[in-house]
Structures are given as C-alpha cells and as structure tokens.
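Asks: Protein chains in written order, with the working numbering: chain A, 1 to 378; chain B, 379 to 756; chain C, 757 to 1134; chain D, 1135 to 1512.
Let me give you the structure first, and then I'll get to my questions.
There are 4 protein chains.
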Amino acid sequence: MSLAPERASRLPGTAVPRRCQVAKMKAAVFAEVGRIVLEDKPVPDIGPLDALIRITTTTICGTDVHILKGEYPVARGLTIGHEPVGIIEKLGSAVSGFREGQRVIAGAITPSGHSAACLCGCSSQDGAGTRHGFKPMGGWRFGNTIDGAQAEYLRVPDAMTNLAPVPDGLSDEQVLMCPDIMSTGFSGAERGEVRIGDTVAVFAQGPIGLCATAGAKLMGATRIIAVESIPARQEMARRLGADEVVDFTEGDPAEQILELTGGRGVDVAIEALGRQETFEGALRVLRPGGTLSSLGVYSGDLRIPLGAFAAGLGDHKIVTTLCPGGKERMRRLMEVVAAERVDLRPLVTHRFTLDDIEAAYDLFAHQRDGVLKVAIRN
Amino acid sequence: MSLAPERASRLPGTAVPRRCQVAKMKAAVFAEVGRIVLEDKPVPDIGPLDALIRITTTTICGTDVHILKGEYPVARGLTIGHEPVGIIEKLGSAVSGFREGQRVIAGAITPSGHSAACLCGCSSQDGAGTRHGFKPMGGWRFGNTIDGAQAEYLRVPDAMTNLAPVPDGLSDEQVLMCPDIMSTGFSGAERGEVRIGDTVAVFAQGPIGLCATAGAKLMGATRIIAVESIPARQEMARRLGADEVVDFTEGDPAEQILELTGGRGVDVAIEALGRQETFEGALRVLRPGGTLSSLGVYSGDLRIPLGAFAAGLGDHKIVTTLCPGGKERMRRLMEVVAAERVDLRPLVTHRFTLDDIEAAYDLFAHQRDGVLKVAIRN
Amino acid sequence: MSLAPERASRLPGTAVPRRCQVAKMKAAVFAEVGRIVLEDKPVPDIGPLDALIRITTTTICGTDVHILKGEYPVARGLTIGHEPVGIIEKLGSAVSGFREGQRVIAGAITPSGHSAACLCGCSSQDGAGTRHGFKPMGGWRFGNTIDGAQAEYLRVPDAMTNLAPVPDGLSDEQVLMCPDIMSTGFSGAERGEVRIGDTVAVFAQGPIGLCATAGAKLMGATRIIAVESIPARQEMARRLGADEVVDFTEGDPAEQILELTGGRGVDVAIEALGRQETFEGALRVLRPGGTLSSLGVYSGDLRIPLGAFAAGLGDHKIVTTLCPGGKERMRRLMEVVAAERVDLRPLVTHRFTLDDIEAAYDLFAHQRDGVLKVAIRN
Amino acid sequence: MSLAPERASRLPGTAVPRRCQVAKMKAAVFAEVGRIVLEDKPVPDIGPLDALIRITTTTICGTDVHILKGEYPVARGLTIGHEPVGIIEKLGSAVSGFREGQRVIAGAITPSGHSAACLCGCSSQDGAGTRHGFKPMGGWRFGNTIDGAQAEYLRVPDAMTNLAPVPDGLSDEQVLMCPDIMSTGFSGAERGEVRIGDTVAVFAQGPIGLCATAGAKLMGATRIIAVESIPARQEMARRLGADEVVDFTEGDPAEQILELTGGRGVDVAIEALGRQETFEGALRVLRPGGTLSSLGVYSGDLRIPLGAFAAGLGDHKIVTTLCPGGKERMRRLMEVVAAERVDLRPLVTHRFTLDDIEAAYDLFAHQRDGVLKVAIRN
C-alpha cells in the first residue's frame, strides 16, 4: 500500500486497506503512571459487530487524568479516551443500518444491548459475557478495558447499539460533549427526578457540574444554586442556568444554601466532584424527602453524618449514576443541541491537534489557563 | 360526676363526661431515663379537628425502648406509644365522616393532610405550621411530640386524615401491626420498588424485618434471603416468605448471600436493624443498579465503603423511609389482613393488660422469652 | 354598620363585619342558560376550616362559557369562576399558618387534604365525605358545587390545604394563570412524562394548549409542534416554546406532523381542545410506545381508531388530567413565574372591572378581538 | 445424508448437517385462510447473530387462531407459532455466552436489543433497520414476519438478546407459558401498576386473563374480581388468585363489580379479551384516578363512553401492552415458576405431538372439551 495511514485518515470515506498488516495510526497510550504518550499503533481490526471510526475530534476527561496519575489503573499500552466524534470508516459484516462515510458519535459508555443489565434498564452496568449479565461499570469500555478514542481510529463494539449519526449542520464541537459530560451531567438531574418548580443545588461547576446545572434548568427547576469558587466557572454556571452561585471559600456552602432557602433546603442536590465535603454538603442541604444525586467519582470511603441523614428516617434518596450511553441517548442529546436548548460550545476553552495531545494533557491535568474542556482534532 | 373515668373507659360508646375536669385515665409515661411508669393523667381534651379514641389494644415498639433508655429524648411526663387500636369516644366539632363508637386504628405517623410535605407525597415529613411545611420526621407525633397510645385514651390530631375504620370481622390483634411495623416493613419493599422476579435480601428479622420479608413476597419477589440468627425468628421469616435464611453467626452474611446468588447479588437489599454492619452488608450484596432500602434507625454516622459503592459509579440507589401513615394507608394494610394475604398474628407472642405494662416493658426491653411483639389490652 | 360592603371590599385588611347580616357583595351568578349576571349576594359566611378572600383579580375560563351555554349544568344562583387572586379577609377558627391581609391565590381545584383521593395522589378527584373518598372531579368546587371567584369575596374551603401566599414582587396578573390554565396546561406535559429530547405535539393553542406548550418546553422537549390556525395564537405558541406550528386549515394536522417527523411520530401528544378530531389526531401521530396526554373536556363519546391504536398492541398510554390544585402546586407554579422561566402575562389580552363582567363574558364567549384571557379586577 | 431430519431432531446435541441442502423438517404453515397444515420445509439456515433451536415443546395461541381464520394476515407458507421451548442446536458465528445443547426458551417477542425502541424501554415495538427504530409490534417476529415455533426447528434472531436458559429441574410444560401468556398476562398487572392493597378487576379468564389474575395477586392486590362465565375457567381463576368471580351471563358485569365494591370501583381494571364490551366495562368500573390496562387484541374501532371517561377529567389512564420479551424477562418469569410462586401447569389441558398439530388446531380453534392451552411435543 502506497497510501500512508496518516493520509488515509484525512480522506473521508477512504477505507483502511484491509490486508495491509502495517497500517498504523497515532494514539495516546498509557505508558506508565504519570505518562500518557502519543505512539504509533496498528489501526484496529474489527469483528462482525463492530465499526471502525476515523476520529475527527475528541477530548480529554477528568477520568483520563485519574488514569494518568495512576489513581485509576488501566493496562499499559492502552489507548485512552472515551469521547469520540468521527466518520464511519468500516462496518463489521453483521452490522446493518449504517453506511461508511457517515458522521457519528458514540457514547463514553458502549452497552452491548443484549446483557441482562441492558434489558433491565441499567445498561451502563453491562456485563455481557459474564455469568449474570451485570458488571459494575461494565459498559465503560473505551479507554478502560479496550482501546479508546484519543487516536486516529477507534473500534466501536456493538456498533448497532452505539453509533449515533450526527444531524446535518452540527459541528464536531457542538456534539463533542454528548458522549460523556452532557450525558453524565444531565443524568444528575434526570436521576434526581427534578420537577417543575424544584430548587436544586449543584455542588461544583467543573464540566460535569456545569452540565448538571444545564440539565436541571432543562427539566424545569426554578431555583438553581451552584457551588463554585472560580470566577470563570461561576460565570459559566450562570450562563447555563444557575440562578445563584455560592462560593465555598466564603463560608460553608451548605450553610449558605440553607440560608438562601430560608432553612427549607433543596429538593434535589447534585454532587459533581467526588469528595466527602461535597457529598456531605449535598446531604445537609436536602429537605426531608429530597434526593441526593451523586455524579462524582469517589476515591475513598464516604461518611454519612447521622444528623443530615435524619438517622435514616428522613425519606431521603441517594442515587448514583454512571454516564448513560447508547445511540438513542446520543440522539436525544444531539437533539438538545440542534434545538438550541443548551449550547455547550463555550466549554471548549482550548484546542489542540492529536499531535499535540501531550501538551493538552499537561494543560488540562494542571487546570491551567482557565481550561474547562479541550478539543483534540485530527 | 358519679361515673368514675376508669369505669367509663370500659363502657363502649360511653362518652367521657365533658365538663368534669377530674376525668382521669391511666397512661404509661416517660418518667426519666430507664423508667416508663403507669400514672394517672387527665383524659385528653380535644380540639375541633381531633378525635378522642378509647384504646382497646396497643403494643410496644423498639422505638419506645430507645426512649426508655434515653437514646431518643422525649419530654418527661409524655405518654409513650404510637400503635393504637380503639373506639371513637368523641369527635372534634369540625370533624365529619366518622361517628362515635366506630372501631378504628390510626397510623404511628399522623400527617396533617395539608402540609407541603403531604401535598408533595412525603407526608411522614409533615411540617404543618412550620415555615416551609417540611420537618424531619414531623409526622411522628404520638409518643414523640404529643401524648401517645399506651393509655386509656388517645387524642388523634387531624382526625379526618388519620382515623381508619377497622373492617368487620377483624380482631384487634389482627390489625395491631398496621399502624407501625407492617406499614414500615412493607414500605421497605415498596420504596425498594421490588418487582416480579426480584431477588431480595432482608437484613435482620425483628418485627420490622419480618414485615419487610412479607412485603417483598407480597410484591412478587421470587427469592427472598433473610439474615437472622435467632431460630424462632428464622422460623417466622420462612413462614412470612423467606426462601432462605442466612445466619450471621456462621460467617459474614454478605459473603453468604453473594455465594447463594452465585456472585450476582440481589436486586433489592432491605436494612431493618439500624447498624453499620447491616447497612454495609446490604450495600455489599447489591448488584450494580440495585437498591438499598433502609428502614433502620441509626445511632451514629454511617460509612459507605468505596468498593461496595463502586466509587459512586454503580447506578445504585439508597432510599430511606419513615413509616407511611394516614387513613388510606391503614385501609390498604387492613385490606391485606382481611384478604388473608399476610397473617401477622403470630408476631404477638405475649399479652398484658395496661395495668401490667411495666412488666411488658421489662420483658420486651430485655427481649426475654422469645418475645416478638406484645399486645397491651385495656 | 355604616361601612357599606362595597367600600369595605376596597380597604385592604378591613374585616367584613361579622354580625351584620346585611353585608352584601357583587357576584357574577348563573341565572339561566345564556345568562350570567352581576347580582348582589351576601358576603359568604365561613366555617372553622375556611378562609374568606377578598378577590382583587380573577378571570373567565372556557369552562365558564360551557356553564353559560348550559353545556355544563350548575345550580341557578351559583357564583361562577374558579381562578382567584386576592387578600385574606378572615380566617376560620381552626385555621393556622396564615394571617389576615396576606395576598394569596387558591387553585381552581381545592382538595380537602384528607380524602382517600388526596392520600392516594389524585387529589383532584377528592371525595371527602363520600363513602370511599373518591368522587369524579370532586376537587372542583369553586363555581361548580360552591360559590366561585367572580365576586368581591370568596369562601375558600380547607384553607390550610389551599391558600398559597403570593411571593413579593409578583403582580396579580403574573399569577392569574396559576390557579387553572397554567396548572392544567403544565400537567399535560407532566402526566405525559415529557423527557429531555422528546418530540411533542400539542393539539390546539387556546390558553390551555399554550400552557401545555410552555410546560413541554420547561420539561426539556426539544421539538414542539403546535397545531393552530389563528395567527395570533400561532405567534403566542412560538413565543412560549413551539418550534413549529401546523395549521389544520392547510391539511390534516396529523399527516403534517407525521411528515415533519419523517414518519416517526411524536413521543408525547397533548390534546387541548376536547374534540374527536384532536383526540384522534393526537393518537395518530404517536410513535409506538408514546403517550397521549388528554386535557380537553369532551362533550360526547370518543372513538379510538383501530389502526392508530395498533389494535391495542402499540404499548400506548392515554392519560387524562384534571387541573392539579392545592397550595404546594400553586407555590411551585408561582416559583416558575418568579424565576421568569415562563411569562404568561401576554395571555391577558383584555381587562375589565367586575362591574363590567357581563361585557367580558360577551367578548370572551364569542372569542372576539383576538381575546385569549381577560383580567377581571375589583 | 443417511440421517433423516426426523431422527436428528430426537438426538440431543446432534448438529444439523450444515452442507446438506436437503435437510428437512416438519412445520405447521399457513396454507390459506382456514388451513394451517403440517408440511415439510428446509431446516432454517442461520446468520451470525442467530441460533437454531430444536423445538421440544410448543403451544398454540389465540393469535394463531386469528391467523388461521384470516383475521390477521400473514404470508402463505409461513411457519406459525411463537412459544418455543427447545434445545440449542447451533449458534451463529457472532453469538457468545451460550452453548449448543442448552435447554432454552425464547419470548414470543424477540427484540433486537439495539433498536431505538429497545434503548427507550419499549422493546416490543422494535424497529431495528427502520429509519427511526420504532415499528408497531415490530418485536413480534415468530410466526408473523419470520418462520415460527410450530416446527421441528426454529431460527431465533438476535440470539444473545433472546435465548433464556431453562433452570435445572423445570419441565418443558412448566415454562411453556413464559414466552407469551405469562409475560402478557403479568404485564397487565405490571403496566397497570398494581399496588399492595389494590382492588383489581380482570375482564375474561382465558389463558391471558388467567395470567393477569395471577400477576395481580403476585403484585399484592388484595381483592381480585374476575369476570368469566365458563365454570372451569371460573375455577381456575380462583385457583390463580381471584377472590370473587362475576358471571357476565347473570347481569352486566360492570354493574356487578360496582355493587361488589359498594360503588367505589376498582383501582386497576385489566381487559383481557379484546372486545368493545370488555373495554367499556373495564372503564366503567374504574374509580377516579384508576388505570385501565388493556391486553386484548381488538378487531375494530373502540368507543369510549363519555360518562365512564368523566368527560376526560377523571385522571384516568389507559395503557396497552404487547407481550414483553427478551431473555431477562424470560429469566424472571422462569424464576417465578421455579420459586413456585405461580403454577401454570394446570392450564395445559391437552397434549399432542407435532404430527397431530392439525387436530390440536381443530380442538383449540373450536374451544372444545374445556381446552385452555395445548402442549405440542416433538
């Protein structure tokens, strides 16, 4: 083959040569704790149910930084990343309903569609192939148990369940948040069962928390109180729906929220950081009968204070949610974007090419220069 | 007045003389930590929305023992008890829809019907009269914030919301569990959203846990695993619906349950004791996406182990429930009894008269002689 | 008493003299079919659970026109109207939690709070005092079974359940739609369980339909297709959230909607007129598994076409809703207004004083001059 | 080929010879209106996602009789039947998680797992391959759009979503009702959201209605009123959970039910016949706020009487359900059987071999000899 994979990747609709064993691509791989590096790897082979996607844009997630730091272990050599926007390069032999050359996204979570978890309504806990069909976080495969999206090409498993065509007229950056943070953030409001007229607190306004704020507004919350201290994030929170912002550097945020609500507390509190303080704060501001919707990834045991929990007698709910995936979820989120109900483009504060992804990691991991999300383009 | 109140109380339908200020009754009151004693108190006055009930049968709850021991503080002199079966003696001037002489029960929780909490669907957290209409555990008034049911007479507030006529043909003991443990225990299954075909674990088979077991069966669970070590309670658990019983003295109950389910875990785990071990065990046996339904009254902070919680990414739910009350709830529970779907009479292991209630407390507080529940008759 | 009731009604906080039997007020009463007239009536007496409200603003509903035309029968001499904004003039002896002089609204539906229907979560079907506690439409009392709001004074039954204080800063007209059309219209979206990303059709854009459109948007629908032919209503529909408007004079609206959605149909179809054509159209545009949320008041039997119903095998739902009431509902709706999530003031197209209410009926009943809603001020 | 397909079908685990084009089997095919006949057909080929099942037991459904009579059109030559119990003969190349020789069932409805309908929670309306992913009744493939189960072999599409291993110890007849009537009947109670303490009416006690009765009991209904006139079915209804049986030949069943309930009506009414009379009766007996859960297959337009529908203001719900399918549903239903919560074996009143299936159709279509369900054995 005379066509180098690098060039192939830039020609829409050009199939990767099948028999050429040497077809290579660039990919950001976990080398060791502290090092995610750009390497050459073979373009993935695909099975009958898979699709091969040529990535056009992707991004870096806070979870990837946990991986970088060794806080979440993955295999050495694994390609990182779970937020793909791209073009179908090749479809598995048993895949129907799609065509090569289509612009698509896939969720960070790629359910099989046929596990017991999927058929039970909790597809993120997909355990296809396991004895019972459930596996904690089993739906999270990209950049976790299989190669991920920070590469030129990506193998999407169970393609018929996971490929979601991008509506005409939407740019890559407009849909870049759908695979993970928009799906996760919105689910904080959805699983919290936010209702018209609710007061909602959202603890932390990083990318996920900002999307939770937007989701709460989209579902009819009428008073949204965001907790955040960084001015740029406070500003973004207001832009996406926060009615008030509480700065935790100016006093206990739970107390501030209780004061703002005249002691009533909130109907739904969304935790979007993954820390004891925010979890506990979210519980403390709940009215009796309220719901704590937890989105954060915790790194240690949590403590439930007796009083905030009303000794177990407060009719409280605590719900946790891993990012919902699957093509129908992605379709709905892209509808939100297309209908201009929410515009998350301002979250993309910095742009890099895949060639410069190591610099992107450096910026993002250190939260320099007011970064919220980066776009990585091929 | 020639008619002594003691005698009046034994004549069905005989109204307590209204203007006689000296009408007295016997009542079990909290004297000080360690002492609940039978005393003479005035028969309660009633307001326009109240009813006066002549108690025919009541019982003692584990919560009353907490009060006795000073673990849950109440005012000195308060009449204890929240599980009334009796006869309407007098109705407030604004009460309609009932008649004196009717046999009734009232729930342990007596919602007002008009608080924001009631109108929001969480009436146990009734905060009528408070600024926002919510108050943690606010619906629990009997033997907590107002005089309770271990007496000859009981004032029932918001009578139109709370009085539930006993269907003909049901004995006092048949409906004695409805006000509290049946309502609480069943709610463990209901709030856990047990579905047909579910596997359910119930941690602890005291009176509440036994009712949770019965409730899970009533909702269609097909495999119910009860955790209990006392043989009589194990036997009762099987009788009420447990398919298997795990003895925690024979090894970690969570591990036993995981082994019984081949590692899958359970769809719903009900905690019915109020201890860190049982809370944690319930979390550990949950399948991803499962629900921990907590009924216990905790006495300290709780710890959520990171692993069992899947770091917050397991799509788990934790729900807590205070006993649902109100006349419609009571009607439904008495329907269950009348239809012979569940028979809780075997839970009454000992019987006393009100005169002997101090002995009843002694037996029950020390859990002597295999006691499950006592009946206190007037 | 020297103070004429007409004057008393204009002095905020002036209590109506209690013992003066001759205190009179003006009220719009149903005289006979075709005639609703302004008459003098006694200011209502109140019972212990009631409140007396001095009406400051009210409005006329399409249902009142049905009454006027004799299509919905009420007693002669009954005061009409069920949408009150006013000031507490007097509180019943057993009412607590409110104070005279407070600005309040009450819902069109005034649940008792203590009926089985209330305690079951369907308080609009309140049957307090009936044998079982359910009565079809039993919660609708104002201007139906008791005197209504088109008067100088209104007796509000079960005041503790129904009085909702108006937040400071909101004008009468800002909250005038809360008692009925906002509550009803929103409930079309709520009972339809609109979700983020849904496509929703709303059949007819009268006041209720317009509020259904606003409600669907508030809950996260991303494509709202309104059916309407009157240009001013089409314009209002777009202003309140419709993405597209279908004109039924330009062809079968169901076919137009199916074409717009590429044959897919909608997730939720809201019927807001009460006619066979709109009911049937709503059914025909539903995707399999979709929900028809019906708000209209029908005047004859309905026909379900076999095909649109998939012979009963389409996993369809049809839900009907009578306007939700009660103070907590009102509070939430006023929160929506206060938070500026929805502004329904433009619906008030005409203003009258109570003295001129007969002219207001004439305009509204004949739908002259592009009238949407009228404000009737005292 | 020396091995006749008839013999192959009797040897467990014997693979059908792959390359032998002449491998034949017997199958009951729709020949023309009025004639379903046993014919020789090729053993089905399977694709990568399919499984080939050797049928050991199947049955005839009322729907098959509709097909026989030409009331529901299918292609000539199509193999009929959608209730398979059998043994995995061969697995498609992309199928994992199962092994040849396993005893399995598959639901009457075989969702793909990857359609929008599946990912939306209404997999029976599967529209895999269609533009939007929804198709009315699209999940019903066996004996409708592809060859069915009344044959020696059956191709199961999307095998990973649909094959459900039969627990050890359960006979074919014990699980024979799971694929259709148990799943459908139970769903009548499930979609009706039967709660503990509900009163439920079930109109008609054919196989589906009987399963609806069993389902309502399993979910905690405390008063189940069955409508049926045939003594054997009345008896079976009582056995499966009916507390009372109303005979429609002795008077209007709706009036009888209203009388039995003292005028209150029922919380949930399940329609299990598919006729105007039963649909209308179910609506008439509903309390305000109640749910009509419709299971019948209708053959004409339906009429909703204005009064029973409270003019659209009764907070009623009407829900329809097509039999839920998929392996997880089947697993749960088999759990119900294994746990002995419900025993549907008595529904099998007659047994035939596949060779005699024409006689079975004759008996079943004419409802002779008290037939409820037949078992067809290979």
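Yeah, the Cβ is synthetic: ideal placement off N, Cα and C, and Gly gets one too.
#1: Identify the residues that DSSP records as bridge partners of C/Asp796: which are they?
#2: Less than 7 angstroms between the CB of D/Asp1198 and some heavy atom of the ligand GDP, yes or no?
#3: Please tell me whether B/Ala484 and B/Pro462 are closer than 8 angstroms, where the distance is taken between their beta carbons.
#4: Whole angstroms are fine: how far does the CA of A/Ile257 sit from the CA of A/Ser123?
#5: Could you name the residues of the same chain whose beta carbon sits closer than 7 angstroms to that of C/Thr917, not counting the 5 residues immediately before and after it, in chain order?
#6: Quick check for students: name the residue ranges of the beta strand (DSSP E) that lie wholly in the stretch 203–272 of chain A, counting only runs of 3 or more.
#7: Can you grab the Cα-Cα spacing for the pair B/Ala743 / A/Glu277, in whole Å?
#8: Kindly indicate if chain B contains any beta-carbon less than 8 angstroms away from that of A/Ser124.
#9: Determine, using beta-carbon pairs with one atom in the stretch 528–535 of chain B and one in the stretch 430–437 of chain B, whether at least three such pairs fall under 8 angstroms.
#10: With a threshold of 6 angstroms on Cβ separation, who are the neighbours of D/Gly1423 within its own chain once the five nearest residues in sequence on each side are excluded?
#11: What's the C-alpha gap between A/Ala221 and B/Pro543?
#12: Ordered along the chain, which non-local residues of its own chain (more than five positions away) have a Cβ less than 6 angstroms from that of A/Gly197?
#13: Classify D/Lys1461 as helix, strand or coil using the three-state DSSP reduction.
#14: Relative to chain D, which residues along the stretch 105–120 of chain A have a C-beta separation below 7 angstroms, given in chain order?
#15: Where B/Arg454 and B/Phe512 are concerned, what is the direct C-alpha to C-alpha distance, given to the nearest angstrom?
#16: Which chain C residues are close to A/Arg341, counting only those with a beta carbon under 8 angstroms from its beta carbon?
#17: Smallest Cα separation from C/Ile844: which of C/Gly837, C/Phe854 and C/His838?
#18: Roughly how many angstroms separate the alpha carbons of A/Arg341 and A/Leu218, rounded to a whole number?
#19: Starting from the Cα of C/Arg951, find the closest Cα among C/Ile980, C/Asp1111 and C/Ser927 and give me that residue.
#20: Could one say the Cβ of C/Gly1126 lies closer than 8 angstroms to chain D's Cβ atoms, at least one of them?
#21: May I ask which residues mark the beginning and end of the alpha helix (DSSP H) holding D/Ala1251?
#22: Looking at the unbroken beta strand (DSSP E) that takes in B/Phe730, where does it start and where does it end?
#23: Using three-state DSSP, classify D/Pro1218 as helix, strand or coil.
#24: Residues in the same chain with beta-carbon distance under 7 angstroms from C/Ile823, minus the five sequence neighbours each way, listed in chain order, please.
#25: Under 8 angstroms between C-beta atoms, does A/Thr14 make it to chain D?
#26: Among B/Cys556, B/Thr698, B/Ala594 and B/Leu664, which residue has its Cα nearest to the Cα of B/Pro683?
#27: Quick one, which residues of the stretch 236–248 of chain A are near chain C if we go by CB-CB under 8 angstroms, in chain order?
#28: Since C/Gly818 is in the alpha helix (DSSP H), which residue starts that stretch and which ends it?
#29: Under 8 angstroms, Cβ to Cβ, is there at least one residue of chain A near B/Thr539?
#30: Using only alpha-carbon positions, find the residue among C/Val958, C/Pro987 and C/Phe1035 that is nearest to C/Ile1026.
#31: C/Phe1120 CB to nearest chain A CB: under 8 angstroms?
#32: List the residues that DSSP assigns as beta-bridge partners of C/Gly883.
#33: Go through its chain and collect everything with a Cβ distance to D/Arg1418's Cβ below 6 angstroms, but skip five positions before and after it.
#34: Note down the Cα distance separating B/Glu606 from B/Gln612, rounded to an integer number of angstroms.
#35: So D/Leu1506 and D/Thr1487 are in contact, right, with Cβ under 8 angstroms, and what is the actual spacing, rounded?
#36: By Cβ distance, which residues of its chain are closer than 7 angstroms to B/Leu680, with the 5 residues on each side in sequence left out?
Replies: Quick answer:
#1: Stepping through the third sequence from its first residue, residue 796 of chain C is reached at position 40. Looking at the DSSP assignment, C/Asp796 forms a beta bridge with C/Lys782.
#2: Judged by which ligands are present, the structure shown has none, so any question about the ligand GDP falls away.
#3: In the second sequence, counting from the first residue as 1, residue 484 of chain B sits at position 106. In the second sequence, counting from the first residue as 1, residue 462 of chain B sits at position 84. Their beta carbons are under 8 angstroms apart, which means B/Ala484 touches B/Pro462 by this criterion.
#4: Walking along the first sequence from the start, residue 123 of chain A turns up at place 123. Walking along the first sequence from the start, residue 257 of chain A turns up at place 257. Going by the C-alpha atoms only, they are around 34 angstroms apart.
#5: The residue you call residue 917 of chain C lines up with position 161 of the third sequence. These residues qualify, in order along the chain: Pro867, Ser868, Gly869, Gly1082 and Lys1083.
#6: 223–227, 244–246 and 266–271
#7: For the purposes of this step, residue 743 of chain B is taken as residue 365 along the second sequence, with counting starting at 1. For the purposes of this step, residue 277 of chain A is taken as residue 277 along the first sequence, with counting starting at 1. Roughly 38 angstroms between the two C-alpha positions.
#8: Translated into the one-based positions of the first sequence, residue 124 of chain A becomes position 124. So, interface residue.
#9: yes
#10: Reading the fourth sequence from its first residue, position 289 is the one you call residue 1423 of chain D. Once the five neighbours on either side are set aside, the close Cβ partners of D/Gly1423 are Asp1449.
#11: For the purposes of this step, residue 221 of chain A is taken as the residue at position 221 of the first sequence. For the purposes of this step, residue 543 of chain B is taken as the residue at position 165 of the second sequence. Going from the Cα of A/Ala221 to the Cα of B/Pro543 covers about 41 angstroms.
#12: Taking the first residue of the first sequence as 1, we reach residue 197 of chain A at position 197. Taken in chain order, the residues that qualify are Thr222.
#13: Within the fourth sequence, residue 1461 of chain D is the residue found at index 327, counting from 1. Here D/Lys1461 sits in helix by DSSP.
#14: Gly113, His114, Ala116, Cys118, Leu119 and Cys120
#15: Along the second sequence, one-based indexing puts residue 454 of chain B at 76. Along the second sequence, one-based indexing puts residue 512 of chain B at 134. Taking the straight line from one Cα to the other gives about 26 angstroms.
#16: Counting from one through the first sequence, the residue named residue 341 of chain A turns up at place 341. Chain C residues near A/Arg341: Gly976 and Thr978.
#17: As a first step, residue 844 of chain C must be located in the third sequence, where it is residue number 88. For C/Ile844, the nearest C-alpha among the options comes from C/Phe854.
#18: Your numbering for residue 341 of chain A matches position 341 in the first sequence. Your numbering for residue 218 of chain A matches position 218 in the first sequence. Whole-angstrom Cα-Cα distance: 8 angstroms.
#19: Walking along the third sequence from the start, residue 951 of chain C turns up at place 195. Taking only the C-alpha atoms, the option nearest C/Arg951 is C/Ile980.
#20: To locate residue 1126 of chain C, count along the third sequence from 1; it is residue 370. Closer than 8 angstroms: no.
#21: The residue labelled residue 1251 of chain D in the question sits at position 117 within the fourth sequence. Residues Ala1250 to Leu1253.
#22: One-based indexing of the second sequence puts residue 730 of chain B at position 352. Where B/Phe730 is concerned, the enclosing beta strand (DSSP E) stretches over Val726 to Thr731.
#23: Here residue 1218 of chain D refers to the residue found at position 84 of the fourth sequence. D/Pro1218 falls in the coil class under three-state DSSP.
#24: For this step, residue 823 of chain C is matched to residue 67 along the third sequence. The answer, listed in chain order, is Phe786, Val830 and Ile836.
#25: Counted from its first residue, the first sequence places residue 14 of chain A at position 14. Residue confidence for A/Thr14 is low, a pLDDT of 44 falling below 50, so the modelled location carries little weight; the figure read from the coordinates is stated next. Output row for A/Thr14: interface = no.
#26: Along the second sequence, read from residue 1 onward, the residue named residue 683 of chain B stands at position 305. Here the closest residue by C-alpha is B/Leu664.
#27: Asp243
#28: For the purposes of this step, residue 818 of chain C is taken as the residue at position 62 of the third sequence. Its alpha helix (DSSP H) spans residues Gly818 to Leu824.
#29: Start at 1 with the first residue of the second sequence, and residue 539 of chain B comes out as number 161. It does not: the Cβ of B/Thr539 has no partner Cβ on chain A nearer than 8 angstroms.
#30: Numbered from 1 along the third sequence, position 270 holds the residue referred to as residue 1026 of chain C. Residue C/Val958 is the option with its Cα nearest to C/Ile1026.
#31: Along the third sequence, read from residue 1 onward, the residue named residue 1120 of chain C stands at position 364. Output row for C/Phe1120: interface = no.
#32: As a first step, residue 883 of chain C is located in the third sequence; it is residue number 127 there, counting from the start. Partner(s): C/Gly889.
#33: Walking along the fourth sequence from the start, residue 1418 of chain D turns up at place 284. For D/Arg1418, where only same-chain residues beyond five positions count, the Cβ hits under 6 angstroms are Ala1388 and Ala1442.
#34: Here the question's residue 606 of chain B lines up with position 228 in the second sequence. Here the question's residue 612 of chain B lines up with position 234 in the second sequence. In a straight line, the C-alpha of B/Glu606 is about 6 angstroms away from that of B/Gln612.
#35: Here the question's residue 1506 of chain D lines up with position 372 in the fourth sequence. Here the question's residue 1487 of chain D lines up with position 353 in the fourth sequence. The Cβ separation is near 19 angstroms, so there is no contact.
#36: Working through the second sequence from its first residue, we reach residue 680 of chain B at position 302. So the list reads Gln654 and Phe657, once near-sequence residues are dropped.
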